[in-house]
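Counting from 149, one number per residue, gives the positions in the sequence shown under this note's numbering.
These notes concern the structure reproduced below.
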Amino acid sequence: MIRIGDTLLSEDVFDEHFACDLGACKGACCVEGDSGAPLTQAEVGQLELAWEHVAPLLPEAGRQAVEAQGLAVTDTDGDLVTPLVNGKECAYTVFDADGTAKCGLEKAHFEGKTQWRKPLSCHLYPIRAKELTDFTALNYHRWPICEAARLCGKAGKVSVLDFCKDALIRMFGDSWYEEAQQAQTLWREAQS
């Protein structure tokens, strides 16, 4: 683990490659999994503010899932997450004409309807953040459905850290990210 401020980064964040390839995976991360996207209590407040702008963009099944379950639910592990549609896709998922799953929250944001982009857990993926007593641990999550993203990242020489730049800046700020980039450079030099 590499320490940057109050964070501990797994070396995999520097070593592994990743760049989403929606043409290959069709947004499977919005559909697969045992529960919805992890949320913080503050993000539930953001969902409340965004709902009236997001709801019209969602398929009927997504709207019905939110109306029946609420903007957020507690999963079997006791974690706050987004609701699912019939145990499948996140209720906030929208689908392109070719069936590619995308985030309806992010769509509303990019259309200028909301200030909030999407849950940080989604924006950070494939990094998973875990709050510890004195640190935030940042670990690379390897999910089989993302094999195309690993290949795409390797072809483009995009590290997990580089891919997650915007989300990491959103979470920790520019100076933290600059320090993480410097650490990545030093790490790579030490590995050569």
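Yeah, the Cβ is synthetic: ideal placement off N, Cα and C, and Gly gets one too.
The structure presented is a predicted model; accordingly, all values stated were derived computationally and were not measured.
Asked: Own chain residues within Cβ distance below 6 Å of residue 287, not counting five before or after; Found: 158, 276
Asked: Cβ neighbour criterion (16 or more within 10 Å) applied to residue 224; Found: exposed
Asked: Presumed contact (8 Å Cβ cut-off) between residue 293 and residue 180, rounded CB distance; Found: 5 Å
Asked: Paired residues, beta bridge with residue 344 - DSSP; Found: The shown model of the chain, from 149 to 340, leaves out residue 344, and the question about it has no answer.
Asked: Exposed unless 16 or more other CB atoms sit within 10 angstroms - verdict on residue 230; Found: buried
Asked: Nearest residue (CA-CA) to residue 237, options 249, 244, 220; Found: 249
Asked: Beta-carbon spacing of residue 316, residue 297 below 8 Å; Found: no
Asked: Beta-ladder partner(s) of residue 251, from DSSP; Found: 241
Asked: Alpha-carbon to alpha-carbon, residue 319 and residue 244; Found: 29 Å
Asked: Neighbourhood of residue 175 by C-beta, 6 Å cutoff - its chain only, sequence neighbours within 5 removed; Found: 248, 249, 250
Asked: C-beta atoms of residue 194 and residue 264 nearer than 8 Å; Found: yes
Asked: Straight-line Cα distance separating residue 256 from residue 201; Found: 7 Å
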